[in-house]
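Residue 203 in this note's numbering is what sits at position 203 of the sequence shown, and the numbering runs on without skipping anything. Don't be surprised by glycine CBs; every beta carbon is placed ideally from N, CA and C. If you're wondering where the values come from, they're calculated on a predicted model, not measured in any experiment.
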Amino acid sequence: MRGRGRALVMLAAVVALAGVAVAYAAAATRRDAGPGRAVDLAASGRVLFVRNGRVASAPLGDPAAPVTVSGLTCQRFYAAAGTGVCVVVRPGPVPSTYAVVVDRTMKEVTRVQSAGIPNRARVSASGRMVSWTVFVTGDSYNRGGFSTWTGILDTRTGYAVPNMENIQLYIDGKRYRSADVNYWGVTFAADDNRFYATVSTRGRTYLVEGDYGRWEARTLRENAECPSLSPDGTRLVFKKRVAPEASARPWRLYALDLATMRETPLAERESVDDQAAWLDERTVMYGRQGDVWSVPADGGGAPRLLLRDAASPALGGPGHTGAAASMSAR
């Protein structure tokens, strides 16, 4: 009965999210009547985010400063090194979901069709690798629940994997196969090959370390979701389940030292259901209750409001620009 109840709760949540996503996409399309202002994804000293369905930009350190709002509509967005990924639902008789890759001027370079409700998005530090996650329903193994599709795109080669569920998975060192394997929340290392993500199967969630070239992933530990790798590659910030699903505060942000596997709870005590992004080597930012907040990644300090009415934060900056721009649109 407990499993059935959990599935029904999940189904209700997904149905509600689906309705919101379609209505949101329709409203965002209506807002596209205005062109918006130019936003440079590679401009330093600015935070990129989504406000009222549009990608926007604001200077760091001043929540009250004027915001530049573009004409690009997204439900989920991320950018690095002048490459952006916009995950969007386009309304219609059968709504379509796309991961749209844009260059630093927000010009579309290519798109990959997906299905479902946009949930996560990430770009590697160089701008080469792009990933996105959507919620979907209807997989045969769901039994009334939902699953995720997570895609990865190599912008240098143009090769896209719309759903990475067939990657070779090893749990506790043993090859693992199951129809209910789901991945989400990819974060890339500096070499554009190693990555971390969440995998779920048979009611458990794991943090995995993946090798893109070898197309395999290995579990590192349980109960670590939506990881975000620090700029120096030594730590992950993730959300950890600390209470039952029905609790008002089921999640807590933690930092994980990859050398020692020691975890540290962050000072944010409110529940955070987001994939954090690194603001600098010491600080992460994340969406919570319709705003973007930041908190030190060492467990000290206190949460600080960065932006009102904002989501999907990313740090602007030049990095290694041109990864997406060099790829021809298909």
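Quick check on residue i: buried or exposed, where buried means 16 or more other Cβ atoms within 10 Å of its Cβ?
{"i": "MET285", "result": "buried"}
{"i": "GLY316", "result": "buried"}
{"i": "TYR159", "result": "exposed"}
{"i": "SER294", "result": "buried"}
{"i": "GLU172", "result": "In the sequence as presented, Glu is not what sits at residue 172; that position holds Asp. Exposed, since its Cβ has fewer than 16 Cβ neighbours within 10 Å."}
{"i": "GLU268", "result": "buried"}
{"i": "LEU305", "result": "exposed"}
{"i": "VAL85", "result": "buried"}
{"i": "ALA259", "result": "exposed"}
{"i": "ALA310", "result": "buried"}
{"i": "ARG282", "result": "exposed"}
{"i": "LYS174", "result": "exposed"}
{"i": "GLN113", "result": "exposed"}
Keeping to the same chain, check which residues put their C-beta closer than 7 angstroms to that of residue i; ignore five residues upstream and five downstream.
{"i": "SER124", "result": "ALA80, PHE188, ASP192"}
{"i": "ALA27", "result": "Residue confidence is low: ALA27 scores 41 on pLDDT, short of 50, so the model does not pin down where it sits. No coordinate-derived value is stated."}
{"i": "GLY185", "result": "ARG120, THR133, ALA197, THR198, GLU225, CYS226, PRO227, GLN275"}
{"i": "GLU222", "result": "ARG204, THR205, TYR206"}
{"i": "ARG218", "result": "TYR170, VAL208, GLU209"}
Run through DSSP, which three-state label would residue i get?
{"i": "ASN52", "result": "coil"}
{"i": "ASN166", "result": "helix"}
{"i": "ASN182", "result": "strand"}
{"i": "LEU305", "result": "strand"}
{"i": "ALA259", "result": "coil"}
{"i": "ALA313", "result": "It is Pro, not Ala, that sits at residue 313 in the sequence shown. Reduced to three states, the DSSP call for PRO313 is strand."}
{"i": "PRO318", "result": "coil"}
{"i": "TRP64", "result": "The displayed chain sequence assigns Ala, not Trp, to residue 64. Looking at ALA64 - three-state DSSP - the assignment turns out to be coil, as it is neither helix nor strand."}
{"i": "ALA160", "result": "strand"}
{"i": "VAL272", "result": "coil"}
{"i": "SER57", "result": "strand"}
{"i": "THR205", "result": "strand"}
{"i": "THR187", "result": "strand"}
Give the range of the beta strand (DSSP E) segment to which residue i is assigned.
{"i": "CYS226", "result": "225 to 229"}
{"i": "SER70", "result": "68 to 73"}
{"i": "GLY151", "result": "147 to 154"}
{"i": "LEU236", "result": "235 to 241"}
{"i": "VAL112", "result": "108 to 114"}
{"i": "VAL39", "result": "Counting along the chain, VAL39 falls outside any beta strand (DSSP E), and DSSP gives it neither H nor E."}
{"i": "ARG76", "result": "76 to 80"}
{"i": "ARG175", "result": "174 to 176"}
Within its chain, find whatever has a CB closer than 8 angstroms to the CB of residue i; leave out the 5 residues flanking it on each side and keep chain order.
{"i": "ALA339", "result": "Missing from the structure shown is residue 339; the chain here goes from 1 to 330 and no further."}
{"i": "ALA248", "result": "SER271"}
{"i": "ALA277", "result": "TYR78, SER228, VAL284, MET285, TYR286, PRO313, ALA314, LEU315"}
Could you please give me the residues that DSSP links to residue i through a beta bridge?
{"i": "ARG122", "result": "SER131"}
{"i": "PRO265", "result": "TYR254"}
{"i": "ASP211", "result": "ARG194, GLU216"}
{"i": "SER96", "result": "ARG90"}
{"i": "PRO296", "result": "THR283"}
{"i": "ARG249", "result": "BP columns for ARG249 are empty, so no partner."}
{"i": "ARG288", "result": "ASP291"}
{"i": "ARG221", "result": "LEU207"}
{"i": "ARG104", "result": "According to DSSP, which records beta bridges pairwise, ARG104 is partnered with nothing at all."}
Once you ignore the five residues that flank residue i on each side, which residues in its own chain have a CB closer than 6 angstroms to its CB?
{"i": "GLU216", "result": "GLN168"}
{"i": "PRO318", "result": "ALA42"}
{"i": "SER131", "result": "ARG122, ILE152, VAL186"}
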